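These notes are about the structure you will find just below.
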Amino acid sequence: MKKIINKAEDFVDEMIDGILRAHPDHLRCVEGDKRCLVTAQKRTNKVGIVTGGGSGHLPLFLGYIGEGMLDGCAVGGVFQSPSASQILSVTKSIGCEAGVLYLYGNYSGDVMNFDMASEMAEMQGMQTVTVTGNDDVASSSSDRKETRRGVAGIFFLYKAAGAAAALGMNLNDVTRIAIKAKESTRTIGVALSPCIVPELGRPSFTLGDNEMEIGMGIHGEPGIRRSSLKCADDIVQEMLDPVIADLPFEKNDEVAVLVNGLGATSKEELYIIYRKVSMILSGKGIKVYHTYVGEFATSMEMAGASVSLCRVDDELRRCLAYPVNSPFFSQKQM
Amino acid sequence: MKKIINKAEDFVDEMIDGILRAHPDHLRCVEGDKRCLVTAQKRTNKVGIVTGGGSGHLPLFLGYIGEGMLDGCAVGGVFQSPSASQILSVTKSIGCEAGVLYLYGNYSGDVMNFDMASEMAEMQGMQTVTVTGNDDVASSSSDRKETRRGVAGIFFLYKAAGAAAALGMNLNDVTRIAIKAKESTRTIGVALSPCIVPELGRPSFTLGDNEMEIGMGIHGEPGIRRSSLKCADDIVQEMLDPVIADLPFEKNDEVAVLVNGLGATSKEELYIIYRKVSMILSGKGIKVYHTYVGEFATSMEMAGASVSLCRVDDELRRCLAYPVNSPFFSQKQM
Amino acid sequence: MEKIVKEDLPALFYKFKNAMSENRGFLIDLDSKVGDSDLGLTMDKAFSAAAASVAENRSDAIGEIFMEAGMAMAQSAPSTMGTLIATGFMRGGKVLEGIDSITTSKMSDFWQAFLVGIEERGKAKPGDKTVIDVLGPVVKSLQNSVANGLALPVAMDASLIAAKQGLEDTKNMIARHGKAACFGDTNIGHQDAGATVAVLLIESVNEFVLRAKE
Amino acid sequence: MEKIVKEDLPALFYKFKNAMSENRGFLIDLDSKVGDSDLGLTMDKAFSAAAASVAENRSDAIGEIFMEAGMAMAQSAPSTMGTLIATGFMRGGKVLEGIDSITTSKMSDFWQAFLVGIEERGKAKPGDKTVIDVLGPVVKSLQNSVANGLALPVAMDASLIAAKQGLEDTKNMIARHGKAACFGDTNIGHQDAGATVAVLLIESVNEFVLRAKE
Ligand SMILES: Nc1ncnc2c1ncn2[C@@H]1O[C@H](COP(=O)(O)OP(=O)(O)O)[C@@H](O)[C@H]1O
Ligand SMILES: Nc1ncnc2c1ncn2[C@@H]1O[C@H](COP(=O)(O)OP(=O)(O)O)[C@@H](O)[C@H]1O
Ligand SMILES: [Mg+2]
Ligand SMILES: [Mg+2]
Ligand SMILES: [Mg+2]
Ligand SMILES: [Mg+2]
């Protein structure tokens, strides 16, 4: 296991310690629990947005805490949910008086813990609403959408809901926009190599020297098709076909695109991927509103990438255009 | 070679094509040569800053073109210099009337081509000044500083000089600030795995399964010490000792820190590295002004990281605080 | 041993903890086939925390001790199984409120509440290849034992047989929940990892009441 | 062949190009030991571009043809060696201005200008383990041949011997420039990669004037 770490069991806490040391103006932890993170620029007169999930996916999830995006995040162990009480403690700490949106990826551990937190929050008089990301088209057929996994496309949900909240919308509208972003977003990934959970010390799945898997999940969940490694253009074609067919994205639609690296794949490759995405979209008469390329949701040091499309209307465009300032992602007003 | 690419010989041009498709509001190419890139937001009434260098290091070098940083970049093949005529064509295209600063890393191919470009520019009536980054303390002893390689620390030179130019300073002052940043910056790297130049199809150097090399250059140039892989805290200590001793950085100094991933190393690991950097600096009474963590200068898919320190005074602080807006790096006014 | 009293709990939870740490690698392997390999880690953590909580607990109320053990698990290993098992212990503890000892009848109530808690939280149905497919048969067996007036050791013995049969039955099921669900019918033939944890728990209780009797 | 004329240039550059593509792997290996392995790629590209430029060049002036070949190399492979060799051809072309054929004396002038161009651009000294350590002896040998009134084939033969000796001598040198410099004395024993390219060039000219004579 070739990683720059200390003891495997300290991986998550030392990582967060590093983040808190690096970004003291942006992030605070709640009552000494470093896994409960909130923005250092508290704004209580708005809808709060709280997320959470397992570690190993930076900048997911805590990286999107910041002006124009999220207010707090509960951080779990590698690929593990945070606890309900941690989620509750983040919820209480952000002190948002206009209600709180729980926005996270659709994984059973997270769902149960957020549900428990939300029951506890309600008992303490706080209103919460839940929207989960389930953008991975490879994880279930389209008639079982609600069981799909959430992957990198949750970025668009954060971006849209975060802007809506920052613009002063109420809990209903923020929720409505999060749901609209969710229903407009589809993602697919491709994996070229596994990753190693430090406490396990070995990959939890394997991929042959010359293999790739289309649709593999960010924890190594199986995808649609395993095959020998193809050229970039063929890979992208195989990825986009099911994505475009699923919503479906159609001629004259306008989309925001996210090309996301899973960890070990270089930015050079991500742009070679985007080149083909751009050619396919323009071939179908689908316009591109804005393009994000980089690491937005990783799997430790896994090699591979994902492509997400989010169909935009005027309202989503306005939300995507809104500025963001977080240590992991920042954007000027577009 | 497990990469998402098409033909190896198209790697660079397809990558740039993807970048131009992704960021049409930010970047333009000059007269159809995609390897000659300039900002889409031309500002001619200021000092221009032009850089250049080999491909394979994204976001270096072209990624720093944008408001508050660079005006143009000539892009070479993987690990190869751009040509003098490409540098010249970028220089002419940005049209900066207050003179042009050539700011790039100290590698012989680049030096010769920038020198040739600058001779040609002068014959055509354009004033240029050259400053090269040579921050890698592992590449020569401190009595032969001028032969040192330039690595990730050039980010601070770009940031400082870019802000100085954007603030309207003249060529002398922009140059002076670039030199001040250069003289205040030191870097060291550690490599855990090699990278593959697509046209070669195999790594140009090797590292054993359990080996690391302190001080290795971003093209695999040999470093100070090869050893078995150590724990993060020990690696960071071994890295920082020669960096701190070199300037030297001393008690009550204030520094900006850059923890840079070389490609395959996860952000989680970079923050575990920063944690120890922060502990070492505070142990020595060195204050941290601002911390950058992420991929700022990579080597394709190499695993490893570098740490740069830049000692700041009021002038450099003001320059680092200045906002930047580029597709690869953006920052609010601090 | 005809009943479990407050003083027995530290030893019982120590047994749970040992069962999990001994089977750490085995659970990792099971979860690695159709999951993310963490089950061994999380169960080890969860039951270490639970055992520590029980060992330190000064309360006189059995129910409270179980509930707090559940809360400790929820804190320390909030994965899918960690959260479900924690819920089970909290709900099970609740039905033990106000009693001093666990007889067959209370044991039956405990596991029924445990099961219902997991069903409500996880929304899985019997046959979905989960921990429920062991707990369901266990509860049914215990209810039979209560109806037949069987003593605790005998009842636990019977419930272990039911648990093992339940686990065996999971081999032919297709997972509908959690990470295993996306493996579709490729996970036929494998026993469910979470269900295996349930068998380990019943086995531990069984051994505890048997050995204590000897 | 006592002299090289304009019509010979396409064939001569074709020979250069072949020498580089045949030695592509060898140059990559040499550069991989103390560099970044790209020399085989860049020389192959540089001389492909040069050969294409010469083949298409409609100019009557020998000097111009060489200069444009140099410019083509500078465009297509601006690595350290690519740039230096391009500079060499441009500077060498310059001293051939106004002549129709290359005799021993012009050949000597050509390589001297070639060498000086590289020295000025790269600022390396003899003994620094670079291409210069082959070109220096070549120029000296050619100047001797001019003094002794030797014909071109004989002069080239002698210069190749000098070139090979120069290359051999680089084995005991420590590199002071480029990526090799940071390998310190660990590169003792290896012949310099750039110097090898110079030998390939002289060898090609030599073969060209010999074979053409036969
Ligand atoms: N909805 C559910 N209801 C009941 N049990 C479940 C449910 N989902 C998963 N399980 C059980 O949890 C086990 C996996 O647990 P765990 O490894 O913690 O999951 P994950 O790693 O996905 O969080 C499965 O073997 C199954 O028995
Ligand atoms: N300053 C210099 N002057 C002359 N020759 C040089 C100089 N620096 C390097 N060389 C030659 O260039 C060769 C390496 O060329 P190349 O592989 O193109 O370098 P790089 O890959 O570092 O750009 C060396 O073997 C040496 O002969
Ligand atoms: Mg898990
Ligand atoms: Mg090179
Ligand atoms: Mg699991
Ligand atoms: Mg080289």
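Chains as they are written, first to last, in the working numbering: chain Z, 16 to 349; chain W, 16 to 349; chain D, 64 to 277; chain C, 64 to 277.
Glycine included, C-beta positions come from ideal geometry on N, C-alpha and C.
Quick caveat, the model's predicted, so the values are computed rather than measured.
Query: Backbone secondary structure at C:S164 - three-state DSSP; Result: strand
Query: Cα-Cα separation between C:D255 and W:E283, rounded to whole angstroms; Result: 42 Å
Query: The beta strand (DSSP E) enclosing Z:E228, as first and last residue numbers; Result: E226 to I229
Query: Cβ contact (3+ pairs, closer than 8 Å) linking the segment 97-105 of chain Z and the segment 25-38 of chain W; Result: no
Query: Contact under 8 Å by Cβ, Z:L335 with Z:K174; Result: yes
Query: Collapsed DSSP secondary structure at W:A312 in the structure displayed; Result: coil
Query: C-beta neighbour in chain W for C:S95, strict 8 Å; Result: yes
Query: W:V270, buried or exposed, once every other Cβ within 10 Å from all chains shown has been counted against 16; Result: buried
Query: Own chain partners of D:M83 with C-beta closer than 6 Å, once the 5 adjacent residues on each side are dropped; Result: M106, D107 and F110
Query: When C:T150, C:S100 and C:M134 are compared against C:A115, the one with the closest alpha-carbon; Result: C:M134
Query: Alpha carbon of C:A140 to alpha carbon of W:S98, nearest angstrom; Result: 8 Å
Query: Where Z:S293 falls: helix, strand or coil (DSSP); Result: helix
Query: Member of Z:Q56, Z:N21, Z:C88 and Z:L75 whose CA lies at the smallest distance from the CA of Z:I49; Result: Looking at the sequence shown, residue 49 of chain Z is not Ile but Lys. Z:K49 has its Cα closest to that of Z:C88, out of Z:Q56, Z:N21, Z:C88 and Z:L75.
Query: Contact with chain W by C:L102, beta-carbon distance below 8 Å; Result: no
Query: Pairwise C-alpha distance: D:S267 and D:K78; Result: 6 Å
Query: Among W:L85, W:V115, W:P237 and W:T190, the one whose alpha carbon lies nearest that of W:V152; Result: W:P237
Query: Residue of D:G98, D:F76 and D:L72 minimising C-alpha distance to D:G247; Result: D:G98
Query: Which listed residue (C:G199, C:K157, C:G252 and C:C245) has its alpha carbon closest to that of W:K160; Result: C:C245
Query: Any non-hydrogen atom of ligand 5 within 7 Å of D:S142 CB; Result: yes
Query: For C:E270 and C:E277, the rounded distance between their alpha carbons; Result: Per-residue confidence for C:E277 stands at a pLDDT of 49, beneath the threshold of 50, marking its modelled position as unreliable; the derived number appears in the next sentence. Between C:E277 and C:E270, the C-alpha separation is close to 11 Å.
Query: Cutoff 7 Å; reference Z:I19; Cβ partners in own chain excluding five residues on either side; Result: none
Query: Z:V274 in three-state terms, based on DSSP; Result: strand
Query: Integer-rounded CB distance, given that Z:E310 should sit under 8 Å from Z:G276; Result: 5 Å
Query: Beta-ladder partner(s) of Z:M317, from DSSP; Result: Z:G278
Query: Cα-Cα separation between Z:V339 and C:L198, rounded to whole angstroms; Result: 59 Å
Query: C-beta neighbour in chain D for Z:A167, strict 8 Å; Result: no
Query: Three-way DSSP call (helix, strand, coil) for W:L118 in this model; Result: strand
Query: Contact shell at 5 Å, judged by CB to any heavy atom of ligand 6, ordered along the chain; Result: C:D94, C:G98, C:D99, C:D101 and C:L102
Query: Chain E contact residues for W:T162, given Cβ-Cβ distances below 8 Å; Result: In summary, chain E is missing from the structure at hand, where the protein chains are Z, W, D and C.
Query: Within-8 Å CB hit, Z:V212 to chain D; Result: yes
Query: Within-8 Å CB hit, W:S219 to chain C; Result: yes
Query: Chain Z within 8 Å of D:E277, Cβ atoms only; Result: Confidence in D:E277 is poor, its pLDDT being 49 and thus under 50, which makes the residue's placement too unreliable to answer from.
Query: Among D:A214, D:M64, D:S204 and D:G212, the one whose alpha carbon lies nearest that of D:G229; Result: D:S204
Query: Counterpart residues of Z:V53 in DSSP-defined beta bridges; Result: Z:R43 and Z:G87
Query: Contact with chain C by W:I203, beta-carbon distance below 8 Å; Result: no
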